[in-house]
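The C-terminal residue of the sequence shown carries number 534 in this note's numbering, and the numbering is unbroken.
What follows is a short report on a single structure.
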Amino acid sequence: MVEKLLLSGDEAVAQASLDCGVKMGVGYPGTPSTEILEHFSTLGGHAQWAPNEKVALEVGIGSAFARARTLVTMKHVGLNVAADPLFTVAYTGTEGGLVILTADDPGMASSQNEQDNRNYAVAAALPMFEPSDSQEAYDLLIKAFEVSEQWKIPVLFRMTTRVCHSKCITKRRTTPVTAVQPYFERDIKTKVMVPAFARIAHRALRQKLTELAQFNESSTDLIVEFRRGDQIGIVTSGISTQHSLEAAPDASVLQLKMTYPLPLERIAKFAKTVKRCVVVEEGDPWLETQLRAAGIQVEGKPEMYRFGELNVNRVRRILAGDVSPEAVPPAGKPPQLCVGCPHRKAFEIFRDLDCIVSGDIGCYTLGVMAPFSALDTCVCMGASIGVALGMRQVLAENQARRVISVIGDSTFMHSGLTGIVDMVYNRPAAGHVVVILDNGTTAMTGLQEHPGTGRSLDHSSAPSIVMEDVIRAMGVDNVDICDPIKDPTAFKDLVKQRLASNDISVIIARKPCILALAKFKQYENNQG
Ligand SMILES: Cc1ncc(C[n+]2csc(CCOP(=O)(O)OP(=O)(O)O)c2C)c(N)n1
Ligand code: SF4
Numbered sequence: 007m008v009e010k011l012l013l014s015g016d017e018a019v020a021q022a023s024l025d026c027g028v029k030m031g032v033g034y035p036g037t038p039s040t041e042i043l044e045h046f047s048t049l050g051g052h053a054q055w056a057p058n059e060k061v062a063l064e065v066g067i068g069s070a071f072a073r074a075r076t077l078v079t080m081k082h083v084g085l086n087v088a089a090d091p092l093f094t095v096a097y098t099g100t101e102g103g104l105v106i107l108t109a110d111d112p113g114m115a116s117s118q119n120e121q122d123n124r125n126y127a128v129a130a131a132l133p134m135f136e137p138s139d140s141q142e143a144y145d146l147l148i149k150a151f152e153v154s155e156q157w158k159i160p161v162l163f164r165m166t167t168r169v170c171h172s173k174c175i176t177k178r179r180t181t182p183v184t185a186v187q188p189y190f191e192r193d194i195k196t197k198v199m200v201p202a203f204a205r206i207a208h209r210a211l212r213q214k215l216t217e218l219a220q221f222n223e224s225s226t227d228l229i230v231e232f233r234r235g236d237q238i239g240i241v242t243s244g245i246s247t248q249h250s251l252e253a254a255p256d257a258s259v260l261q262l263k264m265t266y267p268l269p270l271e272r273i274a275k276f277a278k279t280v281k282r283c284v285v286v287e288e289g290d291p292w293l294e295t296q297l298r299a300a301g302i303q304v305e306g307k308p309e310m311y312r313f314g315e316l317n318v319n320r321v322r323r324i325l326a327g328d329v330s331p332e333a334v335p336p337a338g339k340p341p342q343l344c345v346g347c348p349h350r351k352a353f354e355i356f357r358d359l360d361c362i363v364s365g366d367i368g369c370y371t372l373g374v375m376a377p378f379s380a381l382d383t384c385v386c387m388g389a390s391i392g393v394a395l396g397m398r399q400v401l402a403e404n405q406a407r408r409v410i411s412v413i414g415d416s417t418f419m420h421s422g423l424t425g426i427v428d429m430v431y432n433r434p435a436a437g438h439v440v441v442i443l444d445n446g447t448t449a450m451t452g453l454q455e456h457p458g459t460g461r462s463l464d465h466s467s468a469p470s471i472v473m474e475d476v477i478r479a480m481g482v483d484n485v486d487i488c489d490p491i492k493d494p495t496a497f498k499d500l501v502k503q504r505l506a507s508n509d510i511s512v513i514i515a516r517k518p519c520i521l522a523l524a525k526f527k528q529y530e531n532n533q534g
């Protein structure tokens, strides 16, 4: 009997990973991908958080070099962090299946940009799959592993917020998997990317892509044609498939599940069977550009639909060529730091001291909101330190002295350490002050563990990196730990004193996130 489960796209990926014998799940939290590894771990799979996405991919590459089926997960911007190993693992390939899951966030429900990671498939020359619901997420993940192993190539698996978080009935496969015992076999020419070997590998990669395009062209399950009329044809993928099927009941729809390399012959054939062929896609005009470059006559969408998510109504408007202003959704309640959040006191103090706050990404980004309005820059994870150091190097002393870096504990482990290295190495004349808001968790993405919490992904006990020890060892002049809630005056005086000196200083404001307190207690109890 086929087991049916009500699963979100993220849960379906986790279930498929378990069912197809994934030995290693590794990633870094980020909405909307976080639940995948958490669910995989709950199901009994081996899952671990890496300090950041680059390390996650590198761990994944090693595991796949050793022939283990490996899933690496991250949100879309995480792939920027992991881009360095990404481009070269395309050359080396892996013996074990390697699927790199990127969860994109069109509309920026919880992100700093809405980059379209389909561009990475072309840039890194990697095959890409795009499911449109949980069942497809389940089936395609298994397919992605099969393709990865057949061609010894990593596969990009692109999900978007709606697919990650919407639930639907998902049928589980029952075919047992034959587990491969991981082992490593030396093959220097394919695994050591010095120029002489990389030149050969690049040609081999292009050959694999030619074969994969043929595979896609001749597949029976990766291209689905919904034949419903010959006036309008829609070429689409991912969640836009669901919107298109509902928005245009008389249109024929060609759904692409493997979106790179594209099955151009099949698409060209489809386009000829309809009077008007429209590409419906969220984000960049990525598909449209590729089809046009291949000489296929398609219409795209007006520029206004490049921004935000699509929905059924917006797809109707695209098909009608409607560029009239869209109804503005009612403004929701703006997000705020929780009442009792320990970050609050720190931001009151930065505001009162008129600091130029070089901020970072986490709950504390909300220090930008009233009544604090105490965040002057926020670019990407870890940037609070580098950006502030750049300011300190060029500003006149009266302004330079006001610059302060504010970063969370998880973000510090992710990409703050190298900022400290720069602070010590390229010491600004007026020194610098970094404040780490250490609330003992990765609060913003749902209270995940990180290398400093002393717990693993499943919240069991683990070794911990003691940030103050590491920072002291790096040669920072002053490293102080304080509790801004218990003694706000002492915290304020300390910040003032450090800003006035030419020292390089780190102040760790240590106070647990109030939403995490009960969980911390529970983890302690579990560990006896
Ligand atoms: C490259 C990248 N990866 C992941 C994320 C998702 N993300 C945003 S902030 C954050 C960490 C927040 O934790 P912390 O710095 O400890 O701050 P807190 O929310 O606990 O205050 C994560 C994982 C991101 N924005 N960018
Ligand atoms: S979840 Fe925790 S860190 Fe985030 S705003 Fe609430 S109390 Fe503050």
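Just so it is clear, CB atoms sit at the ideal spot from N, CA and C, and this is done for glycine as well.
Excluding five sequence neighbours on each side, which residues of the same chain lie with their C-beta closer than 8 Å to the C-beta of phenylalanine 93?
As a working mapping, residue 93 is identified with position 87 in the sequence shown. So the qualifying residues of the chain are Ala129 and Ala130.
Starting from arginine 516 and walking both ways along the alpha helix (DSSP H), at which residues does that stretch end?
Within the sequence shown, the letter at position 510 stands for residue 516. Per DSSP, arginine 516 belongs to no alpha helix (DSSP H); it is in the beta strand (DSSP E), 510-516.
Any heavy atom of ligand 1 closer than 8 Å to the CB of proline 518?
The sequence position of residue 518 within the sequence shown is 512, counting from 1. Not so, every heavy atom of ligand 1 lies at least 8 Å from the Cβ.
On a CA-only basis, which of Leu49, Pro331 and Gly301 is nearest tyrosine 311? Give me that one, please.
Locating residue 311 in the sequence shown gives position 305, where the first residue counts as 1. When only C-alpha atoms are compared, the closest one is Pro331.
I want to check one thing, is the minimum distance from the CB of isoleucine 367 to the heavy atoms of ligand 1 below 8 Å?
Here residue 367 is taken as the residue at index 361 of the sequence shown, counted from 1. Isoleucine 367 Cβ: within cutoff of ligand 1.
According to DSSP, simplified to helix, strand and coil, what is arginine 192?
Sequence index remark: in the sequence shown, residue 192 carries index 186 (1-based). If DSSP states are grouped into helix, strand and coil, arginine 192 belongs with coil.
So, do the stretch 78-86 and the stretch 50-66 have three or more beta carbon pairs nearer to each other than 8 Å?
yes
How far does the alpha helix (DSSP H) with isoleucine 67 in it reach, from first residue to last?
In the sequence shown, residue 67 corresponds to position 61, counting from 1. 59-71 is the span of the alpha helix (DSSP H), which, as asked, contains isoleucine 67.
On the CB-based measure, 16 or more other CB atoms within 10 Å of its CB, does proline 340 come out buried or exposed?
For the purposes of this step, residue 340 is taken as the residue at position 334 of the sequence shown. So proline 340 counts as exposed.
Give the straight-line distance between the Cα atoms of leucine 107 and methionine 165, rounded to the nearest whole angstrom.
Locating residue 107 in the sequence shown gives position 101, counting from the first residue. Locating residue 165 in the sequence shown gives position 159, counting from the first residue. CA-CA distance, leucine 107 to methionine 165, rounds to 7 Å.
Does at least one heavy atom of ligand 1 sit under 8 Å from the Cβ of alanine 449?
As a working note, residue 449 is residue 443 in the sequence shown. Yes; taking the cut-off as 8 Å, the Cβ of alanine 449 has a heavy atom of ligand 1 nearer than that.
Could you spell out the range, first to last residue, of the beta strand (DSSP E) harbouring threonine 166?
Sequence index remark: in the sequence shown, residue 166 carries index 160 (1-based). Element bounds for threonine 166: 161-166.
Tell me whether asparagine 317 sits in a helix, a strand or coil according to DSSP, three-state version.
Residue mapping note: residue 317 aligns to position 311 of the sequence shown, counting from 1. In the structure shown, asparagine 317 sits in coil (DSSP, three-state: anything other than H, G, I, E or B).
Using 9 Å as the threshold, is the C-beta distance between isoleucine 413 and glycine 368 below it?
Here the question's residue 413 lines up with position 407 in the sequence shown. Here the question's residue 368 lines up with position 362 in the sequence shown. Yes. Within cutoff.
How would you label glutamate 294, buried or exposed, when you count the other beta carbons within 10 angstroms and need 16 or more for buried?
As a first step, residue 294 is located in the sequence shown; it is residue number 288 there, counting from the start. Buried is the label assigned to glutamate 294, since at least 16 other Cβ atoms lie within 10 Å of its Cβ.
Go through the stretch 233-319 residue by residue and report every complete run of the alpha helix (DSSP H) that reaches 4 residues or more, in order.
245-253, 270-278 and 292-299
Taking only heavy atoms of ligand 2 into account, decide whether any of them is closer than 8 Å to the Cβ of cysteine 344.
The residue given as residue 344 occupies position 338 in the sequence shown. Cysteine 344 Cβ: within cutoff of ligand 2.
With a Cβ-Cβ cutoff of 9 Å, do isoleucine 510 and asparagine 484 count as a contact?
What you label residue 510 is simply residue 504 of the sequence shown in a count that begins at 1. What you label residue 484 is simply residue 478 of the sequence shown in a count that begins at 1. A contact, by the Cβ cut-off of 9 Å.
In chain order, what residues of the same chain lie with their CB nearer than 7 Å to the CB of phenylalanine 418, ignoring the 5 residues before and after it?
Within the sequence shown, numbered from 1, the residue matching residue 418 stands at position 412. Cβ within range, chain order: Ile442 and Met473.
Is threonine 48 a contact residue of ligand 1, with contact defined as CB to any heavy atom under 8 Å?
Indexing the sequence shown from 1 puts residue 48 at position 42. Result no, Cβ not under 8 Å from ligand 1.
Would the stretch 489-498 and the stretch 447-462 be scored as touching if the rule is three or more Cβ pairs under 8 Å?
no
Does the stretch 291-306 come within contact of the stretch 137-149, defined as at least 3 CB pairs closer than 8 Å?
A contact is defined here as three or more CB-CB pairs under 8 Å, and the stretch 291-306 fails this definition with respect to the stretch 137-149.
Of all the beta strand (DSSP E) runs that stay within the bounds of the stretch 362-403, which reach a length of 3 or more residues?
362-364
Looking at cysteine 170: is its Cβ nearer than 9 Å to the Cβ of alanine 109?
Sequence index remark: in the sequence shown, residue 170 carries index 164 (1-based). Sequence index remark: in the sequence shown, residue 109 carries index 103 (1-based). Yes, Cβ-Cβ distance for cysteine 170 and alanine 109 is below 9 Å.
Cutting at 6 Å between CB atoms, please list the residues of its own chain near glycine 113, excluding the five before and the five after it.
Counted from its first residue, the sequence shown places residue 113 at position 107. Once the five neighbours on either side are set aside, the close Cβ partners of glycine 113 are Gly314 and Glu315.
Measure from the alpha carbon of isoleucine 362 to the alpha carbon of each residue in Val393, Pro335, Arg350 and Cys488, then state which is nearest.
For this step, residue 362 is matched to residue 356 along the sequence shown. Its Cα nearest to that of isoleucine 362, the residue Val393 stands out among Val393, Pro335, Arg350 and Cys488.
Specify whether the stretch 224-240 and the stretch 153-168 touch according to this definition: at least 3 beta carbon pairs, one from each stretch, less than 8 Å apart.
no
With DSSP run on the structure shown, which of helix, strand or coil describes isoleucine 426?
Working through the sequence shown from its first residue, we reach residue 426 at position 420. For isoleucine 426, the three-state secondary structure derived from DSSP is helix.
Span of the alpha helix (DSSP H) holding methionine 480?
Taking the sequence shown and counting its residues from 1, one reaches residue 480 at position 474. Where methionine 480 is concerned, the enclosing alpha helix (DSSP H) stretches over 473-480.
Is it true that the CB of lysine 197 sits closer than 9 Å to the CB of glutamate 9?
Residue 9 sits at position 3 when you count from the first residue of the sequence shown. Residue 197 sits at position 191 when you count from the first residue of the sequence shown. No, the Cβ-Cβ distance between glutamate 9 and lysine 197 is not below 9 Å.
Can you tell which of Val318, Arg209, Ala506 and Ala299 has the C-alpha that lies nearest to the C-alpha of proline 255?
As a working note, residue 255 is residue 249 in the sequence shown. Distance check between proline 255 and each of Val318, Arg209, Ala506 and Ala299 places Val318 closest, using alpha-carbon atoms only.
Can you tell me whether cysteine 488 is helix, strand or coil according to DSSP?
Numbered from 1 along the sequence shown, position 482 holds the residue referred to as residue 488. In this structure, cysteine 488 counts as strand in the three-state DSSP scheme.
From which residue to which residue does the beta strand (DSSP E) around leucine 13 run?
Taking the sequence shown and counting its residues from 1, the one referred to as residue 13 is at position 7. 9-14 is the span of the beta strand (DSSP E), which, as asked, contains leucine 13.
Does the distance between the C-beta of glutamine 614 and the nearest non-hydrogen atom of ligand 1 fall short of 8 Å?
Here the chain has residues from 7 to 534 only, and residue 614 is not among them.
For alanine 522 and aspartate 415, what's the separation of their Cα atoms in angstroms?
Locating residue 522 in the sequence shown gives position 516, counting from the first residue. Locating residue 415 in the sequence shown gives position 409, counting from the first residue. In a straight line, the C-alpha of alanine 522 is about 14 Å away from that of aspartate 415.
With three or more C-beta pairs closer than 8 Å as the rule, is the stretch 504-519 touching the stretch 432-442?
Yes: at least three Cβ pairs fall under 8 Å.
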